[in-house]
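Going by full-length UniProt numbering, 220 is the number at position 220 of the sequence shown; the sequence numbering is gapless.
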Amino acid sequence: MGVAVSLSEKDSAASQDGSGVSVSKPGEAGLKALADYLAADMQACNQVIVDRMQSSVALIPQLAAHLVAAGGKRLRPLLTLASARLCGYNNQDGRMRHVEIAACVEFIHTATLLHDDVVDDSQLRRGLASANAIFGNKASVLVGDFLFARSFQILTADASLDVMAILSAASATLAEGEVMQMTTQNDLSTSVEQYLQVIYGKTAALFAAACESGAVIGDVTPREREALRVYGANLGMAFQLVDDALDYSADQAILGKEVGDDFKEGKVTLPVLAAYEAGSEEDRVFWRRVIEECDQQPEDLDAALARIAQTDAIGITLLKAEDYAALAREALRDFPESDLKALLLETASYSASRAS
């Protein structure tokens, strides 16, 4: 699997949105505008999420209520709703397919978060205590399994083999990405290409599937469907690159989890690779000790942050994120101009600008 997710062979990032209009970085206001535009659909999706989390087993709705209360951007289901609407879906079949599939996407995402927090022993999620910190690891894993099962039920009811194929493949790729991340952990010989494959698997694949599923519901041409898949894949790559940068540059309130979690777990991300590559031999000895040997002292996080800053590793990571965001904008070039297209272009810019 490669991580080249452009529509063409072009690797350089476009500085425009495909229509000749320069795109500015809008900040989080762009994402809020998309959510506001799709507020009715998103409200219906949230209701489906709440309804489908119900169970006669009391612990399941209790833990689910904690997840709902934690909030989050709901970006992946939002992308499914937006893609379906961009492709002309207007409930003409008398159903709310886009809402149901968006809820399915969120269940897949939430299930993986529950499992990941257990694997990583994370204590915070979205600024609150993680589910495993409150309910324990066993409950988190089992409720994650429950949410995966709910997503299967939604897909079966929708009865689209195309959507089933897209989301089941994405679910498998998510698991592969997490396993690949585990195998590259504590290994500074990991290449940038391997790192990009990891973040495609663990993040971008579901972004791509969320958008492509919406396109299938809209019943568009194969080229338009592929364009939205590419948009989602590149958006997801940019989003995860910025997440990895924020782990070394944000405060806890912004990040929603403990700063330095990736460092403490020995995860090999682009900021670390860039700092290791650009550092002195003394710096490399430091990185090998704290990442490969997991020999970390209380003061080592500050030392790592200093080395990250000295080598502009954050800047390198954010430039890579902007490359992917530009490719996401370019993927929408052939769609007619509309308010919704403009909001999706802004969302791509937001994915790379939220660390600035």
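For glycine and all other residues, C-beta sits at the position ideal for the given N, C-alpha and C.
For my contact list, residue i and residue j are in at a C-beta cut-off of 8 Å; report their separation, rounded to the angstrom.
i, j, result
"Leu241", "Thr317", "6 Å"
"Leu114", "Val143", "6 Å"
"residue 364", "Ala275", "There is simply no residue 364 to check, as the chain begins at 1 and stops at 356 in what is shown."
"Gln185", "Glu265", "7 Å"
"Ala238", "Ala170", "With 8 Å as the limit, Ala238 and Ala170 do not qualify as a contact, their Cβ atoms being about 18 Å apart."
"Ile217", "Pro271", "Rounded, the Cβ-Cβ distance is 37 Å, inconsistent with contact."
"Ala303", "Phe286", "7 Å"
"Val192", "Leu246", "Actually they are not in contact, since the Cβ atoms of Val192 and Leu246 sit about 19 Å apart, beyond 8 Å."
"Ala131", "Ser140", "5 Å"
"Tyr248", "Leu332", "Not confirmed; about 31 Å, so no contact."
"Leu174", "Thr112", "5 Å"
Where does residue i fall in DSSP's three states?
i, result
"Leu128", "strand"
"Ser353", "helix"
"residue 390", "The shown model of the chain, from 1 to 356, leaves out residue 390, and the question about it has no answer."
"Tyr200", "helix"
"Cys294", "coil"
"Ala58", "coil"
"Ala72", "This sequence places Gly at residue 72; Ala is not what is there. Coil."
"Cys104", "helix"
"Thr311", "coil"
"Met164", "helix"
"Leu340", "helix"
"Leu38", "coil"
"Ala325", "helix"
"Arg52", "helix"
"Ser122", "coil"
"Gly94", "coil"
"Gly30", "helix"
"Cys45", "helix"
"Glu346", "helix"
"Gly177", "helix"
"Phe148", "helix"
"Leu86", "helix"
"Glu330", "helix"
"Thr190", "coil"
"Glu212", "helix"
"Gln185", "coil"
Can you name, in chain order, every residue of its own chain whose Cβ lies under 6 Å from the Cβ of residue i, other than the five neighbours on each side?
i, result
"Ala33", "Leu343"
"Asn234", "Val5, Tyr324, Leu327, Ala328"
"Val220", "Cys87"
"Asp283", "Arg307"
"Gly236", "Thr203, Ala204, Phe207"
Leaving out five residues on either side along the sequence, give the residues of the same chain with a beta carbon under 8 Å from the beta carbon of residue i.
i, result
"Leu38", "Leu78, Leu81, Ala82, Arg85"
"Phe335", "Leu86, Glu224, Ala227, Lys341"
"Val268", "Thr184, Gln185, Asn186, Asp187, Leu188, Thr190, Tyr195, Ile291"
"Glu106", "Cys45, Ile49, Arg74, Arg76, Pro77"
"Asp339", "Tyr37"
"Cys294", "Asn186, Gly266"
Can you find the residues in the same chain that come closer than 7 Å, C-beta to C-beta, to residue i, ignoring five residues on each side of it along the sequence?
i, result
"Asn137", "Val118"
"His109", "Arg76, Leu206"
"Asp300", "Val290"
"Asp116", "Glu178"
"Ala35", "Met42, Leu78"
"Cys104", "Ser151, Ile154, Leu155, Leu167"
"Met96", "Ala44"
"Glu9", "For Glu9, the predicted model reports a pLDDT of 31, less than 50, meaning its position is unreliable; a value from the coordinates is still stated below. Nothing meets the Cβ criterion."
"Asp93", "none"
Under 6 Å from any heavy atom of the ligand MG, does the C-beta of residue i make it?
i, result
"Lys341", "With respect to the ligand MG, the structure shown offers nothing to examine, as it has no ligands at all."
**Request:** Jot down the residue ranges of each uninterrupted alpha helix (DSSP H) in the stretch 258-289, minimum 4 residues, whole runs only, in chain order.
**Result:** 261-264, 270-278, 281-287
**Asked** Do three or more CB pairs link the stretch 256-274 to the stretch 221-228 at distances below 8 Å?
**Response** no
**Prompt:** Should the stretch 197-205 be regarded as contacting the stretch 168-184, the criterion being three or more beta carbon pairs within less than 8 Å?
**Reply:** yes
**Asked** Is the stretch 41-49 close to the stretch 93-107, with three or more CB pairs under 8 Å?
**Response** Result yes; three or more Cβ-Cβ pairs closer than 8 Å.
**Message:** Using 8 Å as the cut-off, can you tell me whether the stretch 155-171 makes contact with the stretch 205-213, which would need three or more C-beta pairs spanning the two stretches below that distance?
**Reply:** yes
**Request:** Tell me, please, whether the stretch 53-69 touches the stretch 132-148 by the rule of three or more beta-carbon pairs shorter than 8 Å.
**Result:** yes
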